[in-house]
Amino acid sequence: QDAAGFYDGDSSSSTSASKNDDKVDSESEASPRHAANHGQLRSGKRNGERHQSQATSGDDAAGEVRLSLVESPTKFDILMGRGRPYQDHEGNRFLKSLIATQYDEYDQSPRWGKLAVAEKVTQMIKNRSGRFLQKDKPTGRWAEVSWTRAREKVAHGFRKKREMDLVNARSRKRTTTRRRLTVRKSTSGKPKRDDRSGSVASV
1 QDAAGFYDGD
11 SSSSTSASKN
21 DDKVDSESEA
31 SPRHAANHGQ
41 LRSGKRNGER
51 HQSQATSGDD
61 AAGEVRLSLV
71 ESPTKFDILM
81 GRGRPYQDHE
91 GNRFLKSLIA
101 TQYDEYDQSP
111 RWGKLAVAEK
121 VTQMIKNRSG
131 RFLQKDKPTG
141 RWAEVSWTRA
151 REKVAHGFRK
161 KREMDLVNAR
171 SRKRTTTRRR
181 LTVRKSTSGK
191 PKRDDRSGSV
201 ASV
């Protein structure tokens, strides 16, 4: 029995050791594969996050310029652009009148206050169902821009009015100066009648 028991115990120990060795070998073989697979998964995850981030930033950039396409502008809409066709649009003329009425508040406000006035005017346009539209080149239709772009359009209108007011003020000053010089020049050589003697004397 001792021999048999020793044999059985040795067999059991050998079997257990063999299993442990197989397990170690299996783990040692699987570990590099697992590490490699894990690395690939992490790399793929990073790439996926990068692509997703790029796609998101692209969507944000597109959303900054185009929120929704519009078939044709209405009289309440503001057209983004320069030149007579944009200035003559009814919505743009209304915006110009709003800027004129709100200009004193804008001009007397600090920087953060100017931003608030621009926000207010932008909201006034929105309240009357007005949109800020820009021509979408790929489709040829109009596209509604973001709130930030719309507010910047209004702020640009205020800055433009200030520049034009300064130019007009300088122009009026030059015109007044010219008139004064012309009057002085014309009166300097004009004959003046001496009522007492009835003769004409030069001034």
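Each residue of the sequence shown is one higher than the one before, counting from 1 in the UniProt record's numbering.
Using N, Cα and C, we set each Cβ at its ideal position, and we do this for glycine too.
One alpha carbon belongs to Lys114, the other to Thr182, and they sit about 42 Å apart.
Excluding sequence positions up to five before and after Arg151, its CB lies within less than 7 Å of the CB of Ala118, Glu119 and Thr122, all in the same chain and listed in chain order.
Gly130 places its beta carbon less than 7 Å from that of Gly91.
Per DSSP, Ser72 lies in no alpha helix (DSSP H) and is assigned neither H nor E. Looking at the backbone, the Cα of Val145 and that of Asp136 are separated by about 10 Å.
Leu79 places its beta carbon less than 7 Å from that of Tyr86.
Residue environment analysis places Gly157 among the buried positions, since at least 16 neighbouring C-beta atoms fall within 10 angstroms of its C-beta.
Residue range Phe132 to Lys135 is occupied by the beta strand (DSSP E) that includes Phe132.
For Asp77 against Leu133, the beta-carbon gap comes to about 5 Å, under 8 Å, which counts as contact.
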